[in-house]
Amino acid sequence: MTAQLINGKEIARAKRLAMKAAVGKMKSEGAVPGLAVVLVGENPASQSYVKGKIRDCKEVGIYSELIHFPESVSEKALLDKIRELNEKASVHGILVQLPLPKQISEQKVIQTISPAKDVDGFHPINLGRMMTGQSSFVPCTPAGIIEMLHAVNVQIAGKHVVIVGRSNIVGKPAALLFLNNNATVTLCHSKTTPLSQYTKQADVLVVAVGHAGLIGAEDIKPGAIVIDVGMNRNADGKLAGDVEFEEVREKASFITPVPGGVGPMTRVMLLENTLKAANHFIRERDLHAE
Ligand code: GUN
2 MTAQLINGKE
12 IARAKRLAMK
22 AAVGKMKSEG
32 AVPGLAVVLV
42 GENPASQSYV
52 KGKIRDCKEV
62 GIYSELIHFP
72 ESVSEKALLD
82 KIRELNEKAS
92 VHGILVQLPL
102 PKQISEQKVI
112 QTISPAKDVD
122 GFHPINLGRM
132 MTGQSSFVPC
142 TPAGIIEMLH
152 AVNVQIAGKH
162 VVIVGRSNIV
172 GKPAALLFLN
182 NNATVTLCHS
192 KTTPLSQYTK
202 QADVLVVAVG
212 HAGLIGAEDI
222 KPGAIVIDVG
232 MNRNADGKLA
242 GDVEFEEVRE
252 KASFITPVPG
262 GVGPMTRVML
272 LENTLKAANH
282 FIRERDLHAE
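For the sequence shown, position 274 (counting from the first letter as 1) is numbered 275 according to our numbering, and the numbering increases by one without interruption.
Here it is as structure tokens:
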């Protein structure tokens, strides 16, 4: 069997097109959705991600502002800027690009962002809401994974989903989200042994570790759906995921490529969360104007 490719780039493009129309409608009603992106330092990967996010906003008509601090910025200066953005009416979503330099507590930063503007879905209030099955902002990568499975008509309910990686950004929220979608979930991590004993049981295998070549054909069940969240640069500078793509695609039923798989979906879900934040803000404003 050769797997069907899940083309995140195309699915995301279609979603941006639909969003462009939705943003146009909002603008015609006098409301412009806005996103503030905060970048600290000169990390090339972070700079590239942030540039992509700003470009996406332009494409769909979302107002965006980039606030760029030097690597040496104090925690207080960053928190003060976030408090200012919390109050700013033209900004509906705030994203602080991670990782942050050592002098700054990521948890303090995340908890300073207003939960209503937390388009990353990292605030404990949003994570707690997701944990208890309430509506919340959902972290963009897990949300993008669910969305791409929907796009290729994969039913999630009843599937055994095995996730490798327990980060706060991907693994843990993905486990919750799949659970909320009625999957049976196994969450694996660096101390899981033997890893392949678990991965081989997956109907849907999500790999989010950051080790190129971690998962080979021998580690999956025939016909599995394989979602590769890894973003690794190999020796010649080319992007590669955590999955040995060429051999795994011969055994899986669906597979996501790197690049062009999960990455574009993560980006588009940020836009979707920003529109959700803006819509909520506008509804509240109109309610109070009545
Ligand atoms: N760094 C890597 N991924 C992410 C993300 O989804 N959001 C933020 N804020 N930083 C990141």
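We put the beta carbon where it would ideally sit given N, CA and C, even for glycine.
Counting along the chain, no alpha helix (DSSP H) covers I228; the unbroken beta strand (DSSP E) around it starts and ends at I226 to D229. As the crow flies, the alpha-carbon of G9 is around 6 angstroms from that of M266. Per DSSP, E107 is one residue of the alpha helix (DSSP H) stretching across E107 to T113. Nearest to A158 by C-alpha distance, out of T185, Q5, K52 and S168, is T185.
Going by C-alpha positions, T257 is about 16 angstroms away from P223. The residue from V41, P125 and K21 with its alpha-carbon nearest to that of I63 is K21.
Around the beta carbon of E291, fewer than 16 other beta carbons sit within 10 angstroms, so the residue counts as exposed.
Assignment of L206 by DSSP, reduced to helix, strand and coil, places it in the strand class. Taking C-beta separations shorter than 6 angstroms and ignoring five residues to either side along the sequence, the partners of V110 in its chain run V97, following chain order. In the structure shown, S65 falls within a strand segment according to DSSP collapsed to helix, strand and coil. Counting along the chain, the unbroken beta strand (DSSP E) around I164 starts and ends at H161 to V165. Around the Cβ of G31, a 10 Å sphere holds fewer than 16 other Cβ atoms; the residue is exposed.
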